[in-house]
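Let me begin by presenting the structure, written as structure tokens, before commenting on it.
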Amino acid sequence: MAKIKAIIFDLDNTLIEFLKVKGKAQDKAIEAMIKAGMTADKVRAKKIMRRLLMKHGIEYQKIFDDMLKEIMGKIDMRILAAGVVAYRKVKGDLMEPYPKVIPTLKKLRKKVKFMGIVTDAPKFQAWTRLYEMNLDNCFDFVLTLDDTGAEKPTGIPFKTAMKMLGLRPNEVLVVGDWMSRDIIPANKLGMKTVFAKYGAMWKEKNKADYTINKIEDILKIV
79 MAKIKAIIFD
89 LDNTLIEFLK
99 VKGKAQDKAI
109 EAMIKAGMTA
119 DKVRAKKIMR
129 RLLMKHGIEY
139 QKIFDDMLKE
149 IMGKIDMRIL
159 AAGVVAYRKV
169 KGDLMEPYPK
179 VIPTLKKLRK
189 KVKFMGIVTD
199 APKFQAWTRL
209 YEMNLDNCFD
219 FVLTLDDTGA
229 EKPTGIPFKT
239 AMKMLGLRPN
249 EVLVVGDWMS
259 RDIIPANKLG
269 MKTVFAKYGA
279 MWKEKNKADY
289 TINKIEDILK
299 IV
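In this note's numbering, the protein residues as written are 79 to 300.
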């Protein structure tokens with residue numbers, strides 16, 4: 079294998095423990111929306127939300143809007159506001175990097191020439207999370223949905239990153255938690271891939287070159 083010269087990380091559920099926090103925040107949002115008058119019980123609302131997330135991805139910004147449209151036939155701004163405030167409060171209080179993320183990134187910095195992030199998050203949300211987690215100075219570049227205009231399954235964000243780096247595909251390692259959004263599109267381009275099993279949200283067939291059970295395991299690969 080060619081020497082790895084760059085590592086591209088996904089952000090949510092790979093560096094930041096986003097899945098568990100998002101789930102708790104969504105539960106609180108649903109409870110708040112029901113209290114404010116949403117006409118659905120918690121079980122039904124959670125099923126609808128999960129289906130919408132599977133369809134649109136975890137970064138979809140109109141998830142509560144769409145859920146209200148399906149349940150009530152319209153967006154009630156009072157109910158929407160109740161959900162958004164509850165969601166933001168829980169997420170802000172609980173979100174943090176996975177254990178040993180920062181020391182692992184510092185060690186990787188000595189091993190590779192470049193480190194970057196490719197995320198489907200909008201630019202402002204991505205940078206907000208990086209600053210909240212004290213990860214804002216850890217990377218040479220951050221490519222978001224706003225930068226490329228395309229989501230990761232298209233492969234375009236990874237192609238853009240490689241063009242920026244000026245490296246061959248097999249010199250770049252992609253680390254992510256989602257097969258269809260991180261691993262498969264990178265594989266198709268000839269990049270080396272690492273499945274962050276600890277953050278996986280969906281059960282999918284593992285097609286990565288490597289699998290890690292905690293972030294520091296990547297030090298055994300690079």
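Note that CB positions come from ideal geometry on N, CA and C, so glycine has one too. Keep in mind it's a predicted model, so treat the numbers as computed, not measured.
Three-state secondary structure (DSSP) at A84?
Reading the sequence shown from its first residue, position 6 is the one you call residue 84. Looking at A84 - three-state DSSP - the assignment turns out to be strand.
Counting beta carbon pairs with one atom in the stretch 113-130 and one in the stretch 139-147, are three or more of them shorter than 8 Å?
Touching, yes.
Simplified DSSP state of D224, which is helix, strand or coil
Position 146 of the sequence shown, counted from the start, is the residue given in the question as residue 224. Here D224 sits in helix by DSSP.
Between D224 and P200, which are expected to be in contact by the criterion C-beta below 8 Å, what is the C-beta distance as a whole number of angstroms?
On the sequence shown, residue 224 is found 146 positions in, with the first residue counted as 1. On the sequence shown, residue 200 is found 122 positions in, with the first residue counted as 1. Indeed they touch by this definition, with Cβ atoms about 6 Å apart.
Backbone secondary structure at I94 - three-state DSSP
Locating residue 94 in the sequence shown gives position 16, counting from the first residue. Residue state for I94 is assigned as strand, using DSSP reduced to three classes.
From T197, M116, K189 and M132, residue whose alpha carbon lies closest to that of A160
The residue labelled residue 160 in the question sits at position 82 within the sequence shown. If we check each option's Cα against that of A160, M116 comes out closest.
Look at the Cβ atom of G268, then the Cβ atom of P247, and state whether they are nearer than 8 Å.
Locating residue 268 in the sequence shown gives position 190, where the first residue counts as 1. Locating residue 247 in the sequence shown gives position 169, where the first residue counts as 1. In this structure, G268 places its C-beta atom within 8 Å of the C-beta atom of P247.
Is Y176 near A103, with beta carbons less than 8 Å apart?
The sequence position of residue 176 within the sequence shown is 98, counting from 1. The sequence position of residue 103 within the sequence shown is 25, counting from 1. Cβ distance not < 8 Å, so Y176 and A103 don't count as in contact.
List the endpoints of the continuous beta strand (DSSP E) containing G151.
The count along the sequence shown starts at 1 and reaches residue 151 at position 73. Run containing G151: none; DSSP gives neither H nor E here.
Let me make sure I understand the geometry here. Which of D287, M145, K281 and K106 has the alpha-carbon closest to that of A118?
Reading the sequence shown from its first residue, position 40 is the one you call residue 118. For A118, the closest alpha carbon among the candidates D287, M145, K281 and K106 is that of M145.
Within a Cβ cutoff of 6 Å, which residues of the same chain sit near C216, ignoring the five residues on either side of it in sequence?
If you number the sequence shown from 1, residue 216 lands on position 138. Excluding five sequence positions before and after C216, the CB atoms of its chain that fall closer than 6 Å to its own CB belong to L183, given in chain order.
Contact belief for I293 with V179 at Cβ below 8 Å, rounded distance in angstroms
To locate residue 293, count along the sequence shown from 1; it is residue 215. To locate residue 179, count along the sequence shown from 1; it is residue 101. Rounded, the Cβ-Cβ distance is 5 Å, consistent with contact.
For R259, count neighbouring Cβ atoms within 10 angstroms of its own Cβ and tell me buried if that reaches 16, exposed if not.
On the sequence shown, residue 259 is found 181 positions in, with the first residue counted as 1. Burial call: buried.
Compare the beta carbon distance of L89 and I195 with 8 Å and say whether it is the shorter of the two.
Counting from one through the sequence shown, the residue named residue 89 turns up at place 11. Counting from one through the sequence shown, the residue named residue 195 turns up at place 117. Cβ distance < 8 Å, so L89 and I195 count as in contact.
What residues match up with A274 in a beta bridge as DSSP calls it?
Position 196 of the sequence shown holds residue 274. DSSP lists I290 as partners of A274.
Assuming contact is defined by CB atoms lying nearer than 8 Å, are K191 and A84 in contact in what I supplied?
Position 113 of the sequence shown, counted from the start, is the residue given in the question as residue 191. Position 6 of the sequence shown, counted from the start, is the residue given in the question as residue 84. Yes.
Based on the DSSP output, what are the partners of G268 in its beta bridges?
Translated into the one-based positions of the sequence shown, residue 268 becomes position 190. Residue pairing by DSSP places G268 opposite no residue, since no beta bridge is assigned to it.
Considering only the alpha carbon of each residue, which of V300, A123, Y288 and L208 lies closest to D255?
If you number the sequence shown from 1, residue 255 lands on position 177. Out of V300, A123, Y288 and L208, Y288 has the C-alpha closest to the C-alpha of D255.
Would you verify that the beta carbon of V190 is, or is not, closer than 8 Å to some beta carbon of chain B?
The question asks about chain B, but that chain is absent: this structure has only one protein chain.
Considering only the alpha carbon of each residue, which of K133, A239, Y209 and I157 lies closest to L93?
The residue given as residue 93 occupies position 15 in the sequence shown. The residue with the shortest Cα to Cα distance from L93 is Y209.
Spell out the partners DSSP gives G135 in its beta bridges.
On the sequence shown, residue 135 is found 57 positions in, with the first residue counted as 1. Beta-bridge pairing by DSSP links G135 to no other residue.
Through-space distance from V253 to K283, alpha-carbon basis:
As a working mapping, residue 283 is identified with position 205 in the sequence shown. As a working mapping, residue 253 is identified with position 175 in the sequence shown. Rounded to the nearest whole angstrom, the CA to CA distance from K283 to V253 is 16 Å.
Can the beta-carbon of T206 be found less than 8 Å from the beta-carbon of L221?
Taking the sequence shown and counting its residues from 1, one reaches residue 206 at position 128. Taking the sequence shown and counting its residues from 1, one reaches residue 221 at position 143. No, they are not a contact pair.
From the DSSP secondary-structure annotation, give me the bridge partner or partners of P315.
Lying outside 79 to 300, the shown extent of the chain, residue 315 is not represented and no answer is given.
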